[in-house]
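In terms of our numbering, the sequence shown opens at residue 11 and continues consecutively.
Take a look at the structure below.
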Amino acid sequence: MHTLQMHTLKLLATTVSVIALSACGGGSSSGGTNGGSSSGASSSGGSQVQLTVATQSKLKRATSGELETHIKNGISYQVYDQFVAWEAVDDAIATPEAAPQSDSDGSSGSSSGSGNYSSTNTYVVGVDEGDYLKYDGDYLYTVQYGEYYNDPTKVRILASSPSDASASLVSEIELDSYATPSLYLVDNGDAAGSNLLALSSEANYYSVEPFIDVDVEATSLPYYTSHSAVKANLYDLADPANPALDFALEIDGYLQTSRKVGDYLYLVLNHNTSLIYYELHDAENEGSDKNSYNQKTLDELLPHYTINGGTPQPLLTGDDCYVPSDITANHGYHSLVSVVAINLAEQAITSSTCINSPVEGIYMTPTSLYVGANSWYTSQLDAPVRQESGNGADVAVSPEPSQYYSVVHKFTVADGAVTYRATGAVEGQVNWYQAGFFVNENSDYLRVISSDTWSGVTYPHKLTVLKDTGENNDLIQVAQIPNAEQPTPIGKPDEEIYGTRFVNDRAYIVTFMRTDPLYVVDLTNNEAPAITGELEIPGFSSYLHSVSDNYLLGVGYNVDPDSPWAQRSGVKVSLYDVSDITNPTEINNYIIGSKGSDTAATHDLHALTFLQTNDDTLRFTLPISKSENYNWQGTNLELFEVNNITTSAGLNHAGSISPTSASNAYSYWSDRAALHDDTVYYSHNGNIWSAFWQTPSQANGPQ
Numbered sequence: 011m012h013t014l015q016m017h018t019l020k021l022l023a024t025t026v027s028v029i030a031l032s033a034c035g036g037g038s039s040s041g042g043t044n045g046g047s048s049s050g051a052s053s054s055g056g057s058q059v060q061l062t063v064a065t066q067s068k069l070k071r072a073t074s075g076e077l078e079t080h081i082k083n084g085i086s087y088q089v090y091d092q093f094v095a096w097e098a099v100d101d102a103i104a105t106p107e108a109a110p111q112s113d114s115d116g117s118s119g120s121s122s123g124s125g126n127y128s129s130t131n132t133y134v135v136g137v138d139e140g141d142y143l144k145y146d147g148d149y150l151y152t153v154q155y156g157e158y159y160n161d162p163t164k165v166r167i168l169a170s171s172p173s174d175a176s177a178s179l180v181s182e183i184e185l186d187s188y189a190t191p192s193l194y195l196v197d198n199g200d201a202a203g204s205n206l207l208a209l210s211s212e213a214n215y216y217s218v219e220p221f222i223d224v225d226v227e228a229t230s231l232p233y234y235t236s237h238s239a240v241k242a243n244l245y246d247l248a249d250p251a252n253p254a255l256d257f258a259l260e261i262d263g264y265l266q267t268s269r270k271v272g273d274y275l276y277l278v279l280n281h282n283t284s285l286i287y288y289e290l291h292d293a294e295n296e297g298s299d300k301n302s303y304n305q306k307t308l309d310e311l312l313p314h315y316t317i318n319g320g321t322p323q324p325l326l327t328g329d330d331c332y333v334p335s336d337i338t339a340n341h342g343y344h345s346l347v348s349v350v351a352i353n354l355a356e357q358a359i360t361s362s363t364c365i366n367s368p369v370e371g372i373y374m375t376p377t378s379l380y381v382g383a384n385s386w387y388t389s390q391l392d393a394p395v396r397q398e399s400g401n402g403a404d405v406a407v408s409p410e411p412s413q414y415y416s417v418v419h420k421f422t423v424a425d426g427a428v429t430y431r432a433t434g435a436v437e438g439q440v441n442w443y444q445a446g447f448f449v450n451e452n453s454d455y456l457r458v459i460s461s462d463t464w465s466g467v468t469y470p471h472k473l474t475v476l477k478d479t480g481e482n483n484d485l486i487q488v489a490q491i492p493n494a495e496q497p498t499p500i501g502k503p504d505e506e507i508y509g510t511r512f513v514n515d516r517a518y519i520v521t522f523m524r525t526d527p528l529y530v531v532d533l534t535n536n537e538a539p540a541i542t543g544e545l546e547i548p549g550f551s552s553y554l555h556s557v558s559d560n561y562l563l564g565v566g567y568n569v570d571p572d573s574p575w576a577q578r579s580g581v582k583v584s585l586y587d588v589s590d591i592t593n594p595t596e597i598n599n600y601i602i603g604s605k606g607s608d609t610a611a612t613h614d615l616h617a618l619t620f621l622q623t624n625d626d627t628l629r630f631t632l633p634i635s636k637s638e639n640y641n642w643q644g645t646n647l648e649l650f651e652v653n654n655i656t657t658s659a660g661l662n663h664a665g666s667i668s669p670t671s672a673s674n675a676y677s678y679w680s681d682r683a684a685l686h687d688d689t690v691y692y693s694h695n696g697n698i699w700s701a702f703w704q705t706p707s708q709a710n711g712p713q
């Protein structure tokens with residue numbers, strides 16, 4: 011076995027640094043750009059491969075040959091840019107043992123029970139999202155992680171009894187030890203109750219270090235994913251005491267996100283055709299041929315799936331994938347993003363669509379799917395190029411970024427069919443991780459909030475409106491603020507965006523540095539948006555929720571503007587009056603805890619639960635990890651009400667459900683709640699605590 015010498019490691023570290031700098035905007039421009047002229051899948055250090063990046067180019071369907079070349083070029087780019095020192099380890103490859111590790115205001119869900127009860131808080135009405143807790147009015151379905159690393163993850167099924175504010179365990183479903191599941195309720199046809207879908211994603215990670223003889227610290231060498239899989243298990247709950255696995259689907263890749271519309275489940279999966287997968291961990295390839303991936307067929311490169319443990323089937327063909335229309339035979343990208351539509355009623359995959367270019371996040375409505383990514387490249391010719399340096403090693407050369415922008419591709423969705431529609435772009439970067447807050451479809455228009463964080467301009471935030479013209483696959487820009495006629499900036503200098511929400515013909519935007527400006531944007535005319543009002547108060551709201559046309563809720567943090575670094579001091583829940591869009595005001599607020607207090611609701615909308623009990627009252631809950639000057643006090647479920655909505659609304663704190671000290675855990679990120687008439691169910695690490703709304707301090711639990 012070869013020994014990786016120190017000077018070789020330094021070369022590897024230098025090359026990785028070049029890639030990292032180019033990825034975050036600091037790449038060298040000394041080498042310029044190089045389009046190259048060679049064709050086919052590059053697999054040697056002497057040829058050039060250009061990385062495919064997100065650009066304003068429209069998409070086209072790739073032929074099988076184009077797709078195979080594009081993927082193999084992408085793997086080649088990985089080999090020579092991230093493994094420059096390969097020559098020193100090419101005889102040191104071994105086959106390892108697996109070492110698995112865990113990897114618009116709306117609500118939706120199945121309705122089978124009686125009474126008025128809550129469902130999952132979602133971005134868009136009519137588009138369900140998976141979560142740790144689901145409730146159908148009769149049964150609670152909640153995820154519980156094992157106490158120790160090797161303990162299995164479970165789905166606990168409990169029968170609810172809202173009449174006496176209690177619940178009782180009926181059965182448990184044991185999942186894989188390292189599963190990170192999310193749950194969906196599935197209509198049971200003519201039968202009563204719901205079926206349950208448990209969706210999970212797993213990956214095995216390996217370090218290069220155990221499989222080569224090195225003289226350096228293991229921390230100098232990276233980890234890579236050898237194989238990842240997404241599992242969708244559908245359970246028949248005709249008898250909830252005896253859940254029966256009715257449909258088991260497993261697909262290569264890891265889960266980026268998922269959505270459910272009617273009977274159709276849409277999975278967005280990332281399949282990484284990495285070097286490690288094909289070289290270090292292929293039992294049939296124990297030799298040192300670093301080009302063996304080039305011998306793979308397209309079918310071997312693409313993801314596969316199994317149903318009920320059967321024979322693996324190809325998820326995609328070469329004709330199912332889209333690539334940017336401006337790529338050449340020199341371009342490459344190793345990662346595939348697949349959109350898989352599954353008819354849960356028929357238990358079958360109805361369509362699979364692939365995008366072989368960067369995708370960072372999605373936004374979905376019942377009829378449209380938008381995928382997007384941030385970039386600073388105006389065309390593929392500006393992208394990083396792998397070229398040979400003077401000493402024979404390959405390096406990446408990238409131009410200086412000029413200006414960030416975000417590209418968005420629109421697909422139509424109908425009965426499980428996903429079809430490419432149009433492409434557009436906006437200036438600045440979009441938070442695609444929470445795209446449902448920053449992107450909004452309104453008829454043929456798409457409203458997008460972005461931030462040009464690298465431009466150095468005084469007013470970096472923008473609201474841009476794109477229109478689907480129905481021609482030439484274009485999403486064209488029809489409006490943007492600020493502009494010459496509407497010069498009011500979104501935010502003060504150096505303020506970041508902390509919260510946004512589109513509600514019908516309005517957008518609410520919160521920016522923050524030391525105080526909280528809340529901006530109201532009038533979108534009555536999509537082609538002439540305008541900031542109409544602004545409110546400045548201490549602290550900031552990260553989550554915004556519409557109560558009605560007149561009232562808006564905000565959840566965030568109290569902040570002392572005079573403290574160093576604008577230190578957070580407690581979780582703040584506020585009610586705003588937005589009836590006059592030129593003069594928004596804060597009606598009242600509640601602050602829970604002080605320094606060190608936190609809530610999952612500021613970054614995960616599923617942590618909030620809402621129930622409209624009548625036209626005049628909205629109840630909602632959120633978990634808060636309460637601290638007093640960094641001394642942890644416990645994790646509680648806080649109950650709030652908005653009363654007198656039709657007249658003069660006010661916000662009231664209705665109390666807290668506090669698990670006993672023996673069951674109270676600091677972790678609160680998976681805490682959820684369900685509301686049913688006057689009963690509250692609080693899931694704290696999968697254990698259920700229940701109480702009447704009027705007496706939350708008298709909670710039953712753990713159940």
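Virtual Cβ for every residue (Gly too), placed ideally from N, Cα, C.
Every value quoted in this text rests on a predicted model; they were computed, and no experiment measured them.
- Per DSSP, the beta-bridge partners of Asp141 are Leu193.
- Asp570 places its beta carbon less than 8 Å from that of Ser579.
- Following the DSSP letters along the chain, one finds Gly566 inside the beta strand (DSSP E) bounded by residues 561-569.
- In the three-state reduction of the DSSP assignment, Tyr158 falls in the coil class, being assigned neither a helical nor a strand state.
- A direct Cα-Cα distance of roughly 26 Å separates Val449 from Arg682.
- The beta carbon of Asn568 is closer than 6 Å to those of Gly549, Ser579, Gly580, Lys582, Ile601 in its chain, skipping five residues each way along the sequence.
- Annotation for Asp626: Asn653, Asn654, Ile655, Thr656 place their beta carbon closer than 7 Å to its own, counting only its chain and skipping 5 residues before and after.
- Listed in chain order, the beta strand (DSSP E) runs fully inside the stretch 431-456 are 449-452, counting runs of at least 3 residues.
- Taking a contact as a CB-CB distance under 8 Å, the pair Gly665 and Pro633 does not count as one, their CB atoms being some 14 Å apart.
- Using a Cβ-Cβ distance cut-off of 8 Å, the stretch 339-352 and the stretch 55-69 are in contact, since at least three pairs of beta carbons, one from each stretch, lie closer than that value.
- Judged by DSSP in its simplified three-state form, Pro470 adopts coil rather than helix or strand.
- For Val690 and Ala169, the gap between their C-alpha atoms comes out near 14 Å.
- In terms of Cα proximity to Tyr332, the closest of Tyr158, Met523, Tyr430 is Tyr430.
- Annotation: the continuous alpha helix (DSSP H) that includes Leu308 extends over 308-311.
- Leu615 places its beta carbon 8 Å or farther from that of Leu685.
- Assigned with DSSP and collapsed to three states, Glu76 falls in helix.
- For Glu648, the uninterrupted beta strand (DSSP E) run begins and ends at 641-653, by DSSP.
- In terms of CA proximity to Tyr586, Tyr561 leads the group Pro574, Tyr561, Ser607.
- Rounded to the nearest angstrom, the gap between the Cα atoms of Gln58 and Val347 is 25 Å.
- In the three-state reduction of the DSSP assignment, Pro334 falls in the strand class.
- Beta-bridge annotation (DSSP): Ala254 is paired with Asp246.
- Looking from the CA of Asn452, the closest CA among Gln444, Asp462, Leu476 belongs to Leu476.
- For Asp587, the uninterrupted beta strand (DSSP E) segment begins and ends at 578-587.
- Cβ-Cβ distances below 6 Å link Pro368 to Ala64, Ala383 in the same chain, with the five nearest sequence neighbours on each side left out; the list follows chain order.
- Here the alpha carbons of Leu259 and Ser211 stand approximately 12 Å from one another.
- Val165 has its alpha-carbon roughly 13 Å from the corresponding atom of Asn252.
- For Ile359, the pairing in a beta bridge is given by DSSP as Ile352.
- In the DSSP assignment, Leu325 forms no beta bridge with any residue.
- For Ile459, the beta-bridge partners assigned by DSSP are Leu473.
- In the displayed model, Tyr87 falls within a helix according to three-state DSSP.
- Note: Asp478 is bridge-paired with Leu485 in the DSSP secondary-structure output.
- No Cβ-Cβ contact shorter than 8 Å links Glu648 with Thr623.
- Excluding the 5 residues flanking it on each side, Leu247 has same chain C-beta neighbours closer than 7 Å at Gly203, Ser204, Asn205, Leu206, Pro253, in chain order.
- Between the C-alpha atoms of Ala701 and Leu150 there is a straight-line separation of about 15 Å.
- With a cutoff of 8 Å on beta-carbon distance, Ile500 and Thr521 are scored as near each other.
- Contact between Asn536 and Ala489 holds: their C-beta atoms lie close to 7 Å from each other, under 8 Å.
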